[in-house]
Amino acid sequence: MSDRTNTGHYPMDEGGDTTKFAIPGWNDSEQDTVVNVSESTWRKQKETINGSCQTDELKYVDEGAQAAPKNLDKPVQTEEQEEVSLDGKPYPPSLIAFFARMTDQVCEVLEENEDPFLSEVFNDYHQDDDEPISLESEMTKLFQLRNEKITEEAAAYCIAWNKSGSQIAVGYSHESHDGWCSHRMSVSIWSLSRPDSLNTKVPQIELEFSSCISSLDFHPQENTLLAVGLHSGEIALADLSVSSYFIGSSSNTKDDDINAKRKNDCVTEIQSSGHAKQIVALKWIRLSQSNVSQLFKIHPAGSSYALISAATDGYISLWSVSKTGSRMYLEKQFIVSSENLSEEITVGNRYKLGMKELGLTSLSSCGEDPTTFVFSTHGSFIFQGFLLNDAEVSDTSVVRSENYGDDRPLYDPVSNIVVQEIGLIVAIDCSPFHRNLFLYLTKEGSCFVQNLLKPNSPSLSIALEVDAKATDVKWSTRPMMIAIADNNFLRFYDLKEFGESAKPVLELEHEEPLLKIAFNKSRTDLVATSDAAGFVHIWKMPSKLIESSISEIDDLIQLGQSHGKSS
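Residue numbers are given in UniProt numbering: position 558 of the sequence shown equals residue 558, and the series is strictly consecutive.
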């Protein structure tokens with residue numbers, strides 16, 4: 001055996017750093033294996049030395065390449081061209097022979113492939129100017145509506161399209177009233193979105209009232225909000241979107257006092273409004289934020305849309321509406337009184353007791369300036385009104401409406417007198433294409449295009465037949481096209497083609513006398529008419545009545561600047 005020691009450790013070498021251990025049996029050799037182990041330094045204080053390391057210095061080399069300039073200017077001049085003229089040079093005999101041989105064959109092929117539609121359009125645009133245009137055959141009657149529950153004496157007194165043009169509302173009324181209206185009449189509403197399932201005798205919605213319907217107007221933004229004016233002077237708001245068809249009151253009473261709700265097809269009594277006589281016009285307008293702050297004092301937190309109502313009692317009322325459309329608030333009221341008119345204006349009943357108020361016959365608002373409106377009164381006057389007018393009426397003897405307190409002032413709406421006519425003015429319609437132009441129609445059959453800036457000087461006048469009984473005039477969806485309801489005829493006039501003798505481009509005859517016209521602003525090819533027998537006719541117009549040329553707006557501006565053009 002070898003001389004081995006199993007003590008487990010060995011003494012340190014004299015060198016001092018390394019301890020040598022002999023591990024028995026490390027390998028198969030007989031000799032012990034010696035392993036050098038460094039001494040632990042974790043208990044010793046660490047020493048640091050500042051040092052640095054530098055890489056080799058970076059070397060930069062600048063190299064450039066320059067292309068040789070090869071820009072060359074090479075001017076090119078074309079030869080002077082000679083004008084080529086074929087005058088005097090005969091066609092070659094071969095070309096003449098080709099035409100003679102092929103002309104008949106080419107014409108036969110063209111006739112076989114002729115498109116009837118293109119031929120019709122071509123003939124229309126190349127028609128002789130002296131030849132009258134026949135469009136009656138191109139007019140298509142889509143529907144003829146009448147509520148079967150309505151009595152034979154009732155007439156379709158007013159009509160209105162909703163914003164999308166898919167619904168039409170019809171208000172029924174008796175044409176003559178000896179005194180207070182006691183008829184129970186309704187508003188019938190048809191939806192034209194599904195024509196295959198449309199029942200022309202049964203409306204989808206029917207709202208009954210305790211008075212005749214005298215005016216209708218759909219909200220310009222909300223499809224289902226309808227304003228209804230009654231012969232009794234009341235106003236209602238109908239929200240057609242809810243299942244109960246809530247009818248909002250136009251009074252200033254609390255919500256609990258509103259007695260107006262729909263039961264099946266019947267609406268009970270509605271609270272009275274700011275008028276005591278027949279509503280002749282309802283017009284929705286949209287006010288700017290500054291106008292809202294100036295005009296809305298009772299309910300300033302409502303919608304920016306307002307409703308103007310006019311009645312035969314001489315009052316014009318401005319209503320604000322809640323955002324839900326369920327309430328109306330009488331914000332401001334105007335009265336047209338003969339006491340406030342200029343002495344130069346002749347009013348026959350100026351000094352008759354109880355006849356100081358001039359009853360209104362029609363009203364229309366200006367599209368570009370909603371605070372400006374035009375209205376007509378008894379005595380054949382047309383005035384320009386202004387909603388921001390703060391001139392108070394000095395006459396204290398006028399009768400105030402029950403919803404307008406005695407402590408609130410009445411205002412004079414008149415800012416300017418525009419026209420003093422001879423006959424009764426039955427209709428007014430402001431142009432949607434020109435801020436100062438409007439149409440007005442007399443019962444005797446005279447129609448005028450009038451500029452607000454040129455009082456008593458119409459830009460154009462149209463005289464109808466001697467026995468005319470005109471009832472309505474409307475500006476169409478074309479800038480230079482208007483329509484007049486006269487007796488049994490719907491007459492279309494193209495103001496652009498207006499010559500020395502005014503002839504309508506289309507006369508559409510009906511079986512009964514017409515009362516109202518309503519153009520569809522969304523579906524511009526549709527127009528509706530209502531008659532004295534209670535029928536509403538929906539017509540589809542041809543393209544020549546609805547398509548406008550590029551210059552029509554310029555023609556309309558020029559028409560507004562002209563003087564006294566008449567037929």
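C-beta: ideal position from N, C-alpha, C; glycine also.
DSSP puts Leu226 in a beta bridge; with which residues?
Residue pairing by DSSP puts Leu226 in a beta bridge opposite Phe218, Ala238.
Going along the chain, which residues of its own chain have a beta-carbon closer than 6 Å to the beta-carbon of Ala485, five neighbours each way excluded?
Non-local beta-carbon contacts of Ala485 in its own chain, meaning distances under 6 Å to residues more than five positions away in sequence, involve Thr471, Asp472, Leu514, Ile517 in chain order.
Starting from Gln289, follow the alpha helix (DSSP H) in both directions and report where the run begins and ends.
If you look at Gln289, you'll find it in the alpha helix (DSSP H) that goes 289-295.
Can you check whether the CB of Ile382 is closer than 7 Å to the CB of Val418?
Pairing Val418 with Ile382 gives a Cβ-Cβ distance under 7 Å.
Would a C-beta distance cut-off of 7 Å place Ser446 and Leu559 closer than the cut-off?
For Ser446 and Leu559, no; Cβs fall outside 7 Å.
I believe Leu363 touches Ala483 by the beta-carbon criterion, under 8 Å. Please report the beta-carbon distance rounded to the nearest angstrom.
In fact, because the Cβ distance is near 19 Å, the residues do not count as touching under 8 Å.
Taking the continuous alpha helix (DSSP H) assigned at Gly171, which residues delimit it?
Looking at the DSSP string, Gly171 is not in any alpha helix (DSSP H); the run it does join, the beta strand (DSSP E), is 167-173.
Straight-line gap, Glu269 to Leu287 (C-alpha atoms, nearest Å)
Any answer about Glu269 is weak, because its pLDDT of 35 lies below 50 and its placement is not dependable; what the coordinates show is given next. It is roughly 31 Å from the alpha-carbon of Glu269 to the alpha-carbon of Leu287.
Can you tell me which residues form a DSSP beta bridge with Ala483?
BP columns for Ala483 point to Lys474, Phe492.
Can the beta-carbon of Phe209 be found closer than 7 Å to that of Leu230?
A distance below 7 Å separates the beta carbons of Phe209 and Leu230.
Under a Cβ-count criterion, where at least 16 other Cβ atoms within 10 Å of its own Cβ denotes burial, should Asp531 be classed as buried or exposed?
Buried, since its Cβ has 16 or more Cβ neighbours within 10 Å.
Quick one: give me the first and last residue of the alpha helix (DSSP H) that Ser543 is part of.
Element bounds for Ser543: 543-546.
Can you list, in chain order, the residues of its chain with a C-beta nearer than 7 Å to that of Ile429? Leave out the 5 residues immediately preceding and following it.
Before going further, note that residue 429 is Asp rather than Ile in the sequence given. Excluding residues within five positions, the ones whose Cβ falls inside 7 Å are Ser364, Phe438, Leu439, Val473, Lys474, Trp475.
Sufficient close CB pairs (3 or more, under 8 Å) joining the segment 169-186 to the segment 150-158
Counting C-beta pairs closer than 8 Å gives three or more between the segment 169-186 and the segment 150-158, which meets the contact rule.
Could you give the distance in angstroms between the alpha-carbon of Ser211 and the alpha-carbon of Leu240?
CA-to-CA, the gap between Ser211 and Leu240 works out to about 20 Å.
Taking all protein chains shown into account, do 16 or more other C-beta atoms lie within 10 angstroms of the C-beta of Glu465, making it buried, or fewer, making it exposed?
Classification for Glu465: exposed.
Those residues which DSSP pairs with Met102 across a bridge:
According to DSSP, Met102 shares a beta bridge with no other residue.
Since Glu339 is in the alpha helix (DSSP H), which residue starts that stretch and which ends it?
Element bounds for Glu339: n/a, residue is neither H nor E.
How far does the beta strand (DSSP E) with Asp555 in it extend, from its first residue to its last?
Run containing Asp555: none in the beta strand (DSSP E); it sits in the alpha helix (DSSP H), 552-561.
Beta-bridge partners of Phe438, as assigned by DSSP
Per DSSP, Cys430, Gln450.
Can you tell me whether Val109 is helix, strand or coil according to DSSP?
The answer is helix: DSSP assigns Val109 an H, G or I state.
In whole angstroms, what is the alpha-carbon distance linking Glu136 and Leu490?
Each residue's alpha carbon lies about 11 Å from the other.
Name the residue from Leu495, Leu508, Ala301, Phe143 whose alpha carbon lies nearest to the alpha carbon of Ser197.
Nearest Cα to Ser197 within the set Leu495, Leu508, Ala301, Phe143: Phe143.
With DSSP as the reference, please indicate the residues paired to Ala154 in a beta bridge.
According to DSSP, which records beta bridges pairwise, Ala154 is partnered with nothing at all.
Can you give the Cα-Cα distance for Lys283 and Glu507, rounded to whole angstroms?
Looking at the two C-alpha atoms, the distance is approximately 29 Å.
Where the beta strand (DSSP E) containing Arg286 begins and where it ends:
According to the DSSP assignment, Arg286 belongs to the beta strand (DSSP E) that extends over 279-286.
Tell me whether Glu331 is buried or exposed, calling it buried when 16 or more other Cβ atoms sit within 10 Å of its Cβ.
Glu331 should be labelled buried.
Let me check one thing: in DSSP terms, what residues is Leu330 bridge-paired to?
In DSSP, Leu330 forms a bridge with Trp319.
What do you reckon, are the CB atoms on Ile316 and Pro370 nearer than 7 Å?
Taking the C-beta atoms as reference points, Pro370 is found no nearer than 7 Å to Ile316.
Quick check: what's the CA-CA separation for Phe334 versus Phe296?
Taken atom to atom, the span from the alpha-carbon of Phe334 to that of Phe296 is near 15 Å.
Looking at the unbroken beta strand (DSSP E) that takes in Trp190, where does it start and where does it end?
Counting along the chain, the beta strand (DSSP E) containing Trp190 begins and ends at 185-191.
Ala518 in three-state terms, based on DSSP
In this structure, DSSP gives Ala518 an extended state, which the three-state scheme calls strand.
So what does DSSP say about Leu358, is it helix, strand or coil?
In the structure shown, Leu358 sits in coil (DSSP, three-state: anything other than H, G, I, E or B).
Alpha carbon to alpha carbon, how far is Ile308 from Asp128? Give it in angstroms, no decimals.
Its pLDDT being 43, under 50, Asp128 is placed unreliably in this model, and the value from its coordinates should be taken loosely. Roughly 47 Å separates the two Cα atoms.
Three-state class that DSSP yields for Ile308 in the structure shown:
When secondary structure is reduced to three states using DSSP, Ile308 falls in the strand class.
For Leu508, does the three-state DSSP call read helix, strand or coil?
DSSP, reduced to helix, strand and coil, places Leu508 within a strand of the structure shown.
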